[in-house]
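Notes follow the structure.
Protein chains: 2
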Amino acid sequence: MDRIAIYDVETTGLDPKRDHIVQLSAVKLGKKNMMKIIDKFDAYVIPAGEWNMSPAAQEVTGLSKEFILAHGRPTKEVLMEFNDWIADSDLGGYNSNRFDIKFLYNESQACGLGFDMKGRKFYDVLAMECRIHPRNLGAIYKNYTGKTMEDSGLDAHNSLSDTTATAVVMAHQMMQENLNWEDIDTWQENQIISPEGSIRNTSMEGHEPRLVMAFGKWKDQDIYEMAQSPEGISYLSWAKENVFSIYTLQVIAEYFKMRKYGRSSDHTINK
Amino acid sequence: MDRIAIYDVETTGLDPKRDHIVQLSAVKLGKKNMMKIIDKFDAYVIPAGEWNMSPAAQEVTGLSKEFILAHGRPTKEVLMEFNDWIADSDLGGYNSNRFDIKFLYNESQACGLGFDMKGRKFYDVLAMECRIHPRNLGAIYKNYTGKTMEDSGLDAHNSLSDTTATAVVMAHQMMQENLNWEDIDTWQENQIISPEGSIRNTSMEGHEPRLVMAFGKWKDQDIYEMAQSPEGISYLSWAKENVFSIYTLQVIAEYFKMRKYGRSSDHTINK
Chain W
565 MDRIAIYDVE TTGLDPKRDH IVQLSAVKLG KKNMMKIIDK FDAYVIPAGE WNMSPAAQEV
625 TGLSKEFILA HGRPTKEVLM EFNDWIADSD LGGYNSNRFD IKFLYNESQA CGLGFDMKGR
685 KFYDVLAMEC RIHPRNLGAI YKNYTGKTME DSGLDAHNSL SDTTATAVVM AHQMMQENLN
745 WEDIDTWQEN QIISPEGSIR NTSMEGHEPR LVMAFGKWKD QDIYEMAQSP EGISYLSWAK
805 ENVFSIYTLQ VIAEYFKMRK YGRSSDHTIN K
Chain S
565 MDRIAIYDVE TTGLDPKRDH IVQLSAVKLG KKNMMKIIDK FDAYVIPAGE WNMSPAAQEV
625 TGLSKEFILA HGRPTKEVLM EFNDWIADSD LGGYNSNRFD IKFLYNESQA CGLGFDMKGR
685 KFYDVLAMEC RIHPRNLGAI YKNYTGKTME DSGLDAHNSL SDTTATAVVM AHQMMQENLN
745 WEDIDTWQEN QIISPEGSIR NTSMEGHEPR LVMAFGKWKD QDIYEMAQSP EGISYLSWAK
805 ENVFSIYTLQ VIAEYFKMRK YGRSSDHTIN K
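Residue numbers (our numbering), protein chains in the order written: chain W, 565 to 835; chain S, 565 to 835.
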């Protein structure tokens, strides 16, 4: 492969088994000079069969079903073109080895095109960033102190040692960020979505929260979307009596307000 | 609250709805001098009722059921002591607002103790690290180039702009880390666990992989542990015929080898 194609898909939702590609974009680079873009690919894609934009996907991408229908071409046509276009290319992207590749692969299979991964390299800038700057406790400790936990007489994976290392990291973070303890969040303000673990946030870092059930028959369903159907409401009522803690109920109330009236005005839930 | 208690739990597994605390450790700090530990708490905990260490938890913590039974005390006794001990303390930990808090809360509820979150602050060094060094594309782009995407004429959330920014980040990462394209991973070597999305890796960054089903009635079950029962084997056989891609089958074969014979010797899957 002489080239690298950096690609990105926009989709109807986050589930690679149910959702579809609605936009496929890419830039092509040579391996010698990666700063120079030598070609571009950009197409809106109309999925085959029944499909809809999930409200969340429409909000993030700004793409509506009407827009896609007006500007897109059928999946198979676009993918055939794209397959030819990347015939000389390894692939790269942002979070692409965990997200985009699944859509590219499944959509190719679904329209009978196949997608050859053999002999291809896959560069993911997010995965690379995680490797360059890991966030396990030992790595964070070393970033702040310049020493390994072992050098400091701390035994990683011993839980008392871990709490000591955590305390040191906390002190450094607060110093570096100039924080006072008054600035630190209470449970309502931070990432404790649900202390009993009944709901969780599936949105990526930096995006608006998407709270879903974490267990049972409605697992992975957005709780706000659940509340749009009688069955969902009935299940949520049951969970309210039997599962949700008072803390979770407050988080849910706030999430519903945000979904109903738009972007949360203050800094609560998942900042 | 005058103090901060940095705590850490070791558990029988990762599921806060099914698993239990087997060790609870903490150090206590004053808010003035966070570098000085003024008290420690450390106890092994024997869960009530039926329980077992999951193989994965035993591997990570080094704690066996026999050891816990020999050195532990009942959950309720330890939690009552801990609740008293933290009466003057806000709480902190590593990933504690997403993991440890759920176990602390659920175990407290289960033995009728309650756990008061109101008026308490919760500091999570991992959450803080994510806030200090975010990893969305715009933030990574700015780290490497010193400019925002907007300053560079790139429109975040437009997918063609995103691929351009991704290409720039890739070029910088490779330069900084002194990588050649030959060093970049093929699909077998990197985080593409399953291009069709049928299995996923639930282990934390830097830990040995734990591959689980990503869909269907066995969702979230470890595929190696599935293969220990006839029902699991029968489902995996069905999935082999109908769901798993040839790429996924290779990843599974390698994972089974690693689980059976210990730590993977080479650098494949989830490094």
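Glycine included, C-beta positions come from ideal geometry on N, C-alpha and C.
W:T865 - DSSP class collapsed to helix/strand/coil: The question about residue 865 of chain W has no answer, for chain W in this structure spans 565 to 835.
Local conformation of S:S758 per DSSP, three classes: The residue given as residue 758 of chain S occupies position 194 in the second sequence. DSSP places S:S758 in coil when its eight states are reduced to three.
Cβ shell of W:D652 (< 7 Å), same chain only, five flanking positions each side left out: Translated into positions along the first sequence, residue 652 of chain W becomes position 88. Around W:D652, the same chain offers M565, D566, R567 as residues with beta carbons nearer than 7 Å, after the five sequence neighbours per side are excluded.
Close Cβ partners of S:A621 (< 7 Å) along its chain, the five nearest in sequence each way excluded: Here residue 621 of chain S is taken as the residue at index 57 of the second sequence, counted from 1. Within the same chain, S:A621 has close Cβ partners T575, T576, G577.
Beta-carbon proximity check, W:Y571 vs W:L690, cutoff 9 Å: As a working note, residue 571 of chain W is residue 7 in the first sequence. As a working note, residue 690 of chain W is residue 126 in the first sequence. Going by C-beta atoms, W:Y571 is not nearer than 9 Å to W:L690.
Beta-carbon neighbours of S:K581, restricted to chain W and to distances below 9 Å: Position 17 of the second sequence, counted from the first residue, corresponds to residue 581 of chain S. By Cβ distance, chain W contributes E760, G761, S762, A778, F779.
Residue-chain proximity (S:L800, chain W), Cβ-Cβ < 9 Å: In the second sequence, counting from the first residue as 1, residue 800 of chain S sits at position 236. S:L800 does not count as touching chain W.
7 Å Cβ cut-off: residues of chain S touching W:F631: Position 67 of the first sequence holds residue 631 of chain W. None at all; the shortest Cβ gap to chain S is about 13 Å.
Segment contact flag, the stretch 773-789 of chain S with the stretch 754-765 of chain S, C-beta cutoff 8 Å, min 3 pairs: Flag = yes, the stretch 773-789 of chain S and the stretch 754-765 of chain S touch.
Alpha carbon of W:D726 to alpha carbon of S:V642, nearest angstrom: By 1-based counting over the first sequence, the position of residue 726 of chain W is 162. By 1-based counting over the second sequence, the position of residue 642 of chain S is 78. Cα-Cα distance, rounded: 20 Å.
Segment limits, alpha helix (DSSP H) that includes S:D747: Within the second sequence, the letter at position 183 stands for residue 747 of chain S. That residue, S:D747, is in no alpha helix (DSSP H); it is neither H nor E in DSSP.
Close-in-space but distant-in-sequence residues of the same chain around W:S828 (CB under 6 Å, 5 per side omitted): Here residue 828 of chain W corresponds to residue number 264 of the first sequence, with the count starting at 1. In this predicted model, W:S828 has a pLDDT of only 47, less than 50, meaning its place in the structure is not dependable; the value taken from the coordinates is given anyway. So the list reads M822, once near-sequence residues are dropped.
Status (buried if at least 16 other CB within 10 Å, exposed otherwise) for W:I816: In the first sequence, counting from the first residue as 1, residue 816 of chain W sits at position 252. Counting of Cβ neighbours within 10 angstroms places W:I816 among the buried residues, the total reaching 16 or more.
Contact under 9 Å by Cβ, S:A729 with S:L718: The residue you call residue 729 of chain S lines up with position 165 of the second sequence. The residue you call residue 718 of chain S lines up with position 154 of the second sequence. Cβ distance < 9 Å, so S:A729 and S:L718 count as in contact.
Test item: CB-CB of W:I650 and W:A607 under 9 Å: Position 86 of the first sequence, counting from 1, holds the residue named residue 650 of chain W. Position 43 of the first sequence, counting from 1, holds the residue named residue 607 of chain W. Judged by beta-carbon spacing, W:A607 lies beyond the 9 Å limit of W:I650, meaning their Cβ atoms are not closer than that value.
Below-9 Å beta-carbon distance, W:S819 vs any chain S residue: Translated into the one-based positions of the first sequence, residue 819 of chain W becomes position 255. Per the sequence shown, the amino acid found at residue 819 of chain W is Tyr instead of Ser. Judged by the 9 Å Cβ criterion, W:Y819 is not in contact with chain S.
Rounded separation between W:G613 and S:H584 - CA only: Counting from one through the first sequence, the residue named residue 613 of chain W turns up at place 49. Counting from one through the second sequence, the residue named residue 584 of chain S turns up at place 20. If I take the Cα positions, the gap works out to 46 Å.
Same chain, Cβ closer than 7 Å to S:K835, neighbours up to 5 away in sequence not counted: In the second sequence, the residue the question calls residue 835 of chain S occupies position 271. At S:K835, the pLDDT of 35 sits below 50, so the modelled position is not reliable; the number obtained from the coordinates is stated separately. So no residue of the chain qualifies.
S:A651 (DSSP reduced to helix, strand or coil): Locating residue 651 of chain S in the second sequence gives position 87, where the first residue counts as 1. DSSP places S:A651 in coil when its eight states are reduced to three.
Outcome for W:E795 when other beta-carbon atoms lying within 10 angstroms are tallied against a minimum of 16: Here residue 795 of chain W is taken as the residue at index 231 of the first sequence, counted from 1. It counts as exposed.
Selection of the stretch 739-760 of chain W by Cβ proximity to chain S, strictly under 7 Å: Residues of the stretch 739-760 of chain W with a C-beta atom less than 7 Å from some C-beta of chain S are E741, W745, I748, D749, T750, W751, N754, Q755, I756, P759, E760, listed in chain order.
Residue environment, W:G594, which counts as buried when at least 16 other CB atoms sit within 10 Å: The residue given as residue 594 of chain W occupies position 30 in the first sequence. That one is exposed.
Contact check, S:V807 vs S:E746, beta carbons under 9 Å: Position 243 of the second sequence, counting from 1, holds the residue named residue 807 of chain S. Position 182 of the second sequence, counting from 1, holds the residue named residue 746 of chain S. Annotated as distal: S:V807 and S:E746, with beta-carbon spacing of 9 Å or more.
Cβ neighbours of W:N647 in the same chain (closer than 8 Å, five flanking residues each side left out): In the first sequence, the residue the question calls residue 647 of chain W occupies position 83. These residues qualify, in order along the chain: S672, L677, F679.
W:K824 classed as buried or exposed, judged by whether at least 16 other C-beta atoms fall within 10 angstroms: Within the first sequence, residue 824 of chain W is the residue found at index 260, counting from 1. Under the 10 Å beta carbon count, W:K824 is surrounded by fewer than 16 other beta carbons and is classified as exposed.
Residue range of the beta strand (DSSP E) that includes S:E772: Position 208 of the second sequence, counted from the first residue, corresponds to residue 772 of chain S. DSSP places S:E772 in no beta strand (DSSP E); its state is neither H nor E.
Where the alpha helix (DSSP H) through S:R695 begins and ends: Taking the second sequence and counting its residues from 1, one reaches residue 695 of chain S at position 131. Unbroken alpha helix (DSSP H) run through S:R695: 689-696.
Cβ-based neighbour list, S:C694, same chain, cut-off 8 Å, excluding 5 preceding and 5 following: Within the second sequence, the letter at position 130 stands for residue 694 of chain S. Taken in chain order, the list of residues that qualify is empty.
Neighbouring residues, chain W, relative to S:N670 (Cβ below 9 Å): Residue numbering aside, residue 670 of chain S sits at position 106 when the second sequence is read from its first letter. From the beta-carbon of S:N670, the residues of chain W found nearer than 9 Å are P759, E760, G761.
Residues sharing a beta bridge with S:T575, DSSP: Taking the second sequence and counting its residues from 1, one reaches residue 575 of chain S at position 11. Bridge pairing for S:T575: S:I585 [DSSP].
Sub-9 Å separation of W:A720 and S:G656 beta-carbons: Counting from one through the first sequence, the residue named residue 720 of chain W turns up at place 156. Counting from one through the second sequence, the residue named residue 656 of chain S turns up at place 92. No, the Cβ-Cβ distance between W:A720 and S:G656 is not below 9 Å.
Candidates S:P611, S:P619, S:P580: closest to S:E789 by CA position: For this step, residue 789 of chain S is matched to residue 225 along the second sequence. Nearest of S:P611, S:P619, S:P580 to S:E789, Cα basis: S:P619.
C-beta atoms of W:M599 and S:A735 nearer than 9 Å: Residue mapping note: residue 599 of chain W aligns to position 35 of the first sequence, counting from 1. Residue mapping note: residue 735 of chain S aligns to position 171 of the second sequence, counting from 1. Contact flag set, yes.
For W:N659, three-class secondary structure by DSSP: Residue 659 of chain W sits at position 95 when you count from the first residue of the first sequence. In this structure, W:N659 counts as coil in the three-state DSSP scheme.
Coil, strand or helix - S:N765 by DSSP: Position 201 of the second sequence, counted from the first residue, corresponds to residue 765 of chain S. Here S:N765 carries a strand assignment [DSSP, helix/strand/coil].
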